[in-house]
Amino acid sequence: MAGRRPQVVVIGSGFGGLFATKALNRADVDITLIAKTTHHLFQPLLYQVATGILSEGEIAPSTREILGRQRNARVLLGEVNAIDLANRTVTSMVLDQVRVTPYDALIVAAGAGQSYFGNDHFARFAPGMKSIDDALELRGRIFGSFELAELAEDEEQRARLMTFVVVGAGATGVEMAGQIAELAHRTLRHEFRRIDPRQARVILLDAAASVLGSFGDRLGARAKTRLGEIGVEVQLGAKVVRVDGTGIEVEDAQGQRRRIESVCKVWAAGVSASPLGALLAEQSGAGLDRAGRIEVQPDLTLPGHPEVFVVGDMIALRGLPGVAQVAIQGGRFAAGQIKARLAGKPGGQPFQYKDKGSMATISRFSAVASIGRFRFAGFTAWLMWLGLHLVYMVGFKNRLTTLLHWLVSFIGRGRAERTVTEQQIFARQAFQQLGGDFAPTLSPRPGPEPEPEPAPEKRAGQEPPD
Ligand SMILES: Cc1cc2nc3c(=O)[nH]c(=O)nc-3n(C[C@H](O)[C@H](O)[C@H](O)COP(=O)(O)OP(=O)(O)OC[C@H]3O[C@@H](n4cnc5c(N)ncnc54)[C@H](O)[C@@H]3O)c2cc1C
Numbered sequence: 068m069a070g071r072r073p074q075v076v077v078i079g080s081g082f083g084g085l086f087a088t089k090a091l092n093r094a095d096v097d098i099t100l101i102a103k104t105t106h107h108l109f110q111p112l113l114y115q116v117a118t119g120i121l122s123e124g125e126i127a128p129s130t131r132e133i134l135g136r137q138r139n140a141r142v143l144l145g146e147v148n149a150i151d152l153a154n155r156t157v158t159s160m161v162l163d164q165v166r167v168t169p170y171d172a173l174i175v176a177a178g179a180g181q182s183y184f185g186n187d188h189f190a191r192f193a194p195g196m197k198s199i200d201d202a203l204e205l206r207g208r209i210f211g212s213f214e215l216a217e218l219a220e221d222e223e224q225r226a227r228l229m230t231f232v233v234v235g236a237g238a239t240g241v242e243m244a245g246q247i248a249e250l251a252h253r254t255l256r257h258e259f260r261r262i263d264p265r266q267a268r269v270i271l272l273d274a275a276a277s278v279l280g281s282f283g284d285r286l287g288a289r290a291k292t293r294l295g296e297i298g299v300e301v302q303l304g305a306k307v308v309r310v311d312g313t314g315i316e317v318e319d320a321q322g323q324r325r326r327i328e329s330v331c332k333v334w335a336a337g338v339s340a341s342p343l344g345a346l347l348a349e350q351s352g353a354g355l356d357r358a359g360r361i362e363v364q365p366d367l368t369l370p371g372h373p374e375v376f377v378v379g380d381m382i383a384l385r386g387l388p389g390v391a392q393v394a395i396q397g398g399r400f401a402a403g404q405i406k407a408r409l410a411g412k413p414g415g416q417p418f419q420y421k422d423k424g425s426m427a428t429i430s431r432f433s434a435v436a437s438i439g440r441f442r443f444a445g446f447t448a449w450l451m452w453l454g455l456h457l458v459y460m461v462g463f464k465n466r467l468t469t470l471l472h473w474l475v476s477f478i479g480r481g482r483a484e485r486t487v488t489e490q491q492i493f494a495r496q497a498f499q500q501l502g503g504d505f506a507p508t509l510s511p512r513p514g515p516e517p518e519p520e521p522a523p524e525k526r527a528g529q530e531p532p533d
């Protein structure tokens, strides 16, 4: 259109969306980034927010601040619930406001959510770790469990409160279990009078037969040994079949079921792509895989829609993993294609992913890393992990305070970010699920007197009992 710069809409302020927007910095376009949160989230460190090492601000800087100086970009808060490929519009909502934003080029980077493999009701008792809300909820549950254990009069209740179960022995589960164990054994050891936090059980469960399956047998075995050394019980071949407020039931390969009594459970298994993928698939005819990822063209576009790019966790392409680098490189690639077309070049080249390796920490000073043909474990891998995470965090100020908090936690034994608000300590619903046994401990605040129950025969709409 004459006199109007091409309009690029980016959905999502995660790795894909943010890096795509930044890569379009000097391009002659107007960019509108729409995301349902006001921050960019560094998901790989969510477990450190949950276990009191980092503050939420350190891993979730404001998107508006990051892009404040990028004159061709504007940031809009809103949850996208419709994309019209034929009319080239994106519809987003915030509270009751609906906004329709037209585009000439669209980059969809809405990521993935937690998957409970068809058992969404597990979420209430075993939150996943996908957002700041999740991490703070878990912080409330973890620290709250120790608090309630200190108050518990009954031995069984105390044991249940001091048993932590992490489901999923991938990188997130290993990191989470390792940090809960360090919290119990190092940070909290001198702080309670009735309980000994070192007696806490930390159980890492997985239906698969190995820990860190994607890292290969050797690193998986190293990680398992190290987890044992720091007090994590690894239980493999254990498929979760039931989760409730006070425990979790698992089934082994022979179909034998057993129950683990535990109040605080963490779900770190399985992801499912943003529902926007299904929406795009329906209109473009692209396929969807079992995790809801959309089968994009080799150049990350949709079939018949060279103006629409999908990047990051939402895509199914040549088995690419759901990791930050796929999203970052995909976002930059999409931006490059848009710039090439503006310059009159044909575009359409296939996206080439450069695998920079993967790593996971197990405890302080111990990690595993797989980079190309090389495998590292222990302190060297941990130093690599440290350096890499600092490089990829957004913002100098966040890097600085993160480094400070890491010194507090790794050299010392403290945790700088243990604050849990009253709402969090009662963790929205977590402890309400405990029922009668725990009710007196959980409702300490005086509230209004409850209305007296009406006598049965006076209840509206009910027949009096015989
Ligand atoms: C706990 C955890 C640990 C991880 N650890 C590692 C690791 O160590 N190394 C690694 O490489 N990868 C790791 N990952 C994976 C990595 O974080 C993801 O691969 C990466 O974030 C994907 O980027 P993305 O841009 O596709 O999606 P995301 O970063 O998830 O961003 C999605 C964005 O879209 C927004 N959004 C979603 N739906 C809508 C909507 N309908 N409307 C508007 N906005 C929407 C979200 O608010 C968000 O801003 C980890 C992930 C998790 C959850």
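Our numbering puts the first residue of the sequence shown at 68, with every later residue one more than the last. A virtual CB, placed ideally from N, CA and C, is assigned to each residue, including glycine. Small disclaimer: the values here were computed from a predicted structure and weren't measured.
Enumerate in chain order the residues of its own chain whose CB-to-CB distance from residue i is below 7 Å, with the five nearest sequence positions on each side excluded.
{"i": "T239", "result": "Y114, M196 and A335"}
{"i": "V165", "result": "T158"}
{"i": "P511", "result": "With a pLDDT of only 34 at P511, under the threshold of 50, the placement of this residue in the model should not be trusted; the figure read from the coordinates follows. Nothing meets the Cβ criterion."}
{"i": "R534", "result": "The structure shown does not extend to residue 534, since the chain is modelled only from 68 to 533, so the question has no answer here."}
{"i": "A219", "result": "R225 and L228"}
For the candidate residues the options, whose alpha-carbon lies nearest to that of residue i?
{"i": "G79", "options": "R256, G481 and N148", "result": "N148"}
{"i": "Q416", "options": "D366, G283 and G462", "result": "D366"}
{"i": "P370", "options": "R360, R385 and Q350", "result": "Q350"}
{"i": "T130", "options": "Y170, V77, Q246 and D200", "result": "V77"}
{"i": "R261", "options": "Q396, F443 and A216", "result": "A216"}
{"i": "A348", "options": "I247, V75, K89 and R360", "result": "R360"}
{"i": "E249", "options": "T488, V487 and S476", "result": "S476"}
{"i": "A274", "options": "F184, R289, V75 and L134", "result": "F184"}
{"i": "F376", "options": "V310, R325, Y170 and L470", "result": "Y170"}
{"i": "A394", "options": "A90, K103 and R325", "result": "A90"}
{"i": "Q544", "options": "T313, T104 and L467", "result": "Residue 544 cannot be examined here, being either before or after the span of the chain that is shown, 68 to 533."}
{"i": "G283", "options": "G237, K423 and E132", "result": "G237"}
{"i": "F189", "options": "L205, R309 and F213", "result": "R309"}
{"i": "I429", "options": "D151, V167 and K291", "result": "K291"}
{"i": "V338", "options": "I297, D356 and T368", "result": "D356"}
{"i": "M243", "options": "L205, T105 and H456", "result": "L205"}
For residue i versus residue j, is the C-beta spacing smaller than 9 Å?
{"i": "V317", "j": "V307", "result": "yes"}
{"i": "L85", "j": "S198", "result": "no"}
{"i": "V535", "j": "R227", "result": "Not covered by the structure: residue 535. The range shown for the chain is 68 to 533."}
{"i": "I315", "j": "V232", "result": "yes"}
{"i": "W449", "j": "I120", "result": "no"}
{"i": "M451", "j": "I126", "result": "no"}
{"i": "F432", "j": "G411", "result": "no"}
{"i": "L255", "j": "P264", "result": "yes"}
{"i": "L409", "j": "D97", "result": "no"}
{"i": "G541", "j": "G389", "result": "With the chain represented from 68 up to 533, any question about residue 541 goes unanswered, as that position is not in the structure."}
{"i": "L100", "j": "R141", "result": "yes"}
{"i": "A358", "j": "A179", "result": "yes"}
{"i": "V161", "j": "L134", "result": "no"}
{"i": "S437", "j": "L343", "result": "no"}
{"i": "D319", "j": "R325", "result": "yes"}
{"i": "R485", "j": "R253", "result": "no"}
{"i": "S281", "j": "S425", "result": "yes"}
{"i": "G207", "j": "Q396", "result": "no"}
{"i": "T488", "j": "S122", "result": "no"}
{"i": "A202", "j": "V116", "result": "yes"}
{"i": "L457", "j": "L471", "result": "no"}
{"i": "G462", "j": "E214", "result": "no"}
Only counting the same chain, and skipping five residues up and downstream in sequence, which positions put a Cβ closer than 6 Å to that of residue i?
{"i": "E362", "result": "A353, G354 and A383"}
{"i": "A267", "result": "M229 and A251"}
{"i": "F259", "result": "E217"}
{"i": "T118", "result": "Q246 and L250"}
{"i": "K423", "result": "Q392"}
{"i": "K534", "result": "What the structure shows of the chain is the stretch from 68 to 533, and residue 534 is not part of that stretch, so it cannot be assessed."}
{"i": "R399", "result": "F86 and A90"}
With a threshold of 8 Å on Cβ separation, who are the neighbours of residue i within its own chain once the five nearest residues in sequence on each side are excluded?
{"i": "G295", "result": "V301"}
{"i": "V234", "result": "A193, G240, L272, D273, V307, I315, K332, V333, W334, A335 and A336"}
{"i": "E146", "result": "K103, S159, M160 and V161"}
{"i": "N465", "result": "G124, E125, I126 and P128"}
{"i": "A153", "result": "Q350"}
{"i": "F210", "result": "G119, R485, V487 and I492"}
{"i": "R45", "result": "Residue 45 cannot be examined here, being either before or after the span of the chain that is shown, 68 to 533."}
{"i": "R155", "result": "P169, Y170, D171, L173 and E374"}
{"i": "H106", "result": "S80, A127, P128, S129, T130 and I199"}
**Asked** Does the pairing of the segment 83 to 101 with the segment 169 to 187 give three or more beta-carbon distances under 8 Å?
**Response** yes
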